[in-house]
Ligand SMILES: NC(=O)c1ccc[n+]([C@@H]2O[C@H](COP(=O)([O-])OP(=O)(O)OC[C@H]3O[C@@H](n4cnc5c(N)ncnc54)[C@H](OP(=O)(O)O)[C@@H]3O)[C@@H](O)[C@H]2O)c1
């Protein structure tokens, strides 16, 4: 896919992975819609982007309020009159054991990471069908392929994205609308700091895995390369990606090893 001049909507554009993708796409001279909740952070990102006001829309959204997905989409259409790519990247992580997690918190994570994501795709896909072209990219996680303590609902939300988009891809294919699933490993962002605890409060604590993770500018270059390609799926990360074949080939040994690595904290 040639990205020059394409209208690309990025959620989670106010920090981390989404922010870095915005910078990478600006180099390709795309037209960008930047979405997340914190408008001041979106404006900060916008200032770092060398595109004219004609080519950028700041659109604050709260994915938890996904009943508004059609209204958000109308605002994008009012400015650009088409949507070539939707990058469904906004999301929130968790730091709490399942038995210590309120149901309201589980719902919040699922609302943001799964229902918000899917609602936006269902609002945008009909426009792409009319255009007879488009691409929906989704940021899941390697934690969407296995699970770990402290991350059960987050993991469930990322597994659910695989379940939805692997089928949705086939539903859209004959209309020339494509789906790319990207699974990051450990990327150096504030995702762990911004994670929520079982009572809904912010975790506010970084994780060594994230601190040592891939830099966002390296990640975003690989992400945009995948976006331009015809791939259905791409893992992006460092040696943590070895967990994927390990779990597939030796699942019992894999989960015993993970348990032994984490048991002092359980
Ligand atoms: N970093 C990693 O190692 C890693 C690994 C696997 C997957 N991921 C996934 O990558 C995506 C981006 O995360 P990140 O690492 O860049 O972390 P981050 O810096 O915390 O970014 C998360 C982004 O999602 C937005 N967001 C959170 N809740 C939202 C809501 N209710 N409505 C709209 N936007 C919301 C945040 O913006 P506001 O706070 O302004 O709303 C922010 O822009 C997430 O889906 C995450 O699960 C990250």
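In this note's numbering, the protein residues as written are 24 to 289. Even glycine gets a Cβ: it sits at the ideal position worked out from N, Cα and C. Keep in mind the model is a prediction, meaning the values are calculated, not measured.
- Query: Which residues in the same chain have their Cβ closer than 8 Å to the Cβ of residue 33, if we skip the five residues on either side of it in sequence?
  - Reply: In the chain shown, the residue the question calls residue 33 occupies position 10. Closer than 8 Å at the Cβ level, and outside the excluded window around residue 33, lie 41, 44, 45, 48, 55, 56, 57, 58, 110 and 112.
- residue 255 in three-state terms, based on DSSP: Numbered from its first residue, the chain shown carries residue 255 at position 232. In the structure shown, residue 255 sits in coil (DSSP, three-state: anything other than H, G, I, E or B).
- Task: Note down the Cα distance separating residue 181 from residue 134, rounded to an integer number of angstroms.
- Result: Within the chain shown, residue 181 is the residue found at index 158, counting from 1. Within the chain shown, residue 134 is the residue found at index 111, counting from 1. Residue 181 and residue 134: Cα-Cα distance of roughly 12 Å.
- Message: Report the CB separation of residue 188 from residue 204 in whole angstroms; it is logged as a contact under 8 Å.
- Response: The sequence position of residue 188 within the chain shown is 165, counting from 1. The sequence position of residue 204 within the chain shown is 181, counting from 1. Residue 188 to residue 204, Cβ: 6 Å. Contact.
- Distance between beta carbons of residue 157 and residue 200, contact taken as under 8 Å: Counting from 1 along the chain shown, the entry for residue 200 is found at position 177. Counting from 1 along the chain shown, the entry for residue 157 is found at position 134. About 5 Å; that satisfies the 8 Å criterion.
- Query: Cβ of residue 143 within 7 Å of any heavy atom in ligand 1?
  - Reply: As a working note, residue 143 is residue 120 in the chain shown. Every heavy atom of ligand 1 is 7 Å or more from the Cβ of residue 143, so no.
- Message: Within 8 Å, do at least three Cβ pairs link the segment 156-174 to the segment 270-283?
- Response: yes
- Limits of the unbroken alpha helix (DSSP H) element including residue 198: Within the chain shown, residue 198 is the residue found at index 175, counting from 1. First-last for residue 198: undefined, no H or E at that position.
- Message: Three or more C-beta pairs under 8 Å: does that hold for the segment 241-252 against the segment 120-138?
- Response: no
- Simplified DSSP assignment, three categories, for residue 267: The count along the chain shown starts at 1 and reaches residue 267 at position 244. Helix, per DSSP.
- Task: Express the C-alpha separation of residue 213 and residue 108 in angstroms, rounding to a whole number.
- Result: Working through the chain shown from its first residue, we reach residue 108 at position 85. Working through the chain shown from its first residue, we reach residue 213 at position 190. One C-alpha to the other measures close to 25 Å.
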